[in-house]
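A short worksheet on the structure shown next.
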Amino acid sequence: MNKVITNNIFLPKKIETLEKAHKYCIPGAIFTTLMGVLSFLHSIIYLPELLFLGFLDLVLWGVLGIGIYKNSRIAVINGFIMYILGGAYFRITPMWQSNLLATFYVITMLFAIRGAFAYQKILKEKNKGN
């Protein structure tokens, strides 16, 4: 009766290889880079006089995307926190934000967090064994 279902979207199977862990991080890197592009486009449309800030956003999100692609725990946590803070800002201001995109991003980043932490754990165990 208390059997845990281990093969679903919220509790997937344990990540056991570096390749699988990296595959979990790739969508997070793509979505993070997409957030930089969307932020840049937002600056072009709504704040053309502050275009340099949009470019700075693009660079920052791009660097986080590269960090996530390289399985960095710091980058994935920072990307998630930045998105949550940005989402809170959009919620308190009268700007439009898609709830569907937010849901996809949060789920993708949770998987990326899981993948990055699993990657580092597997790498540590591998190096410990050598």
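So for the sequence shown, the working numbering puts the first residue at 2; every next one is plus one. C-beta atoms are modelled at their ideal positions from N, C-alpha and C, and glycine is treated no differently.
N-terminal and C-terminal residue of the alpha helix (DSSP H) that residue i is part of
| i | result |
| --- | --- |
| Leu19 | Leu19 to Tyr47 |
| Leu54 | Leu52 to Tyr70 |
| Ile82 | Arg74 to Ile93 |
| Ile108 | Asn100 to Gly130 |
Cβ-based burial, residue i [other Cβ within 10 Å; buried from 16]
| i | result |
| --- | --- |
| Lys24 | exposed |
| Pro68 | A small fix is needed here, since residue 68 is Gly in this sequence, not Pro. Buried: at least 16 other Cβ atoms inside 10 Å. |
| Tyr106 | buried |
| Leu59 | buried |
| Asn72 | buried |
| Gly130 | exposed |
| Glu50 | exposed |
| Thr109 | buried |
| Tyr84 | buried |
Whether residue i touches residue j by CB criterion (8 Å)
| i | j | result |
| --- | --- | --- |
| Leu65 | Gly55 | no |
| Ile123 | Leu19 | yes |
| Ala113 | Gly29 | yes |
| Ile16 | Ala119 | yes |
| Leu52 | Ser44 | yes |
| Thr33 | Gly88 | no |
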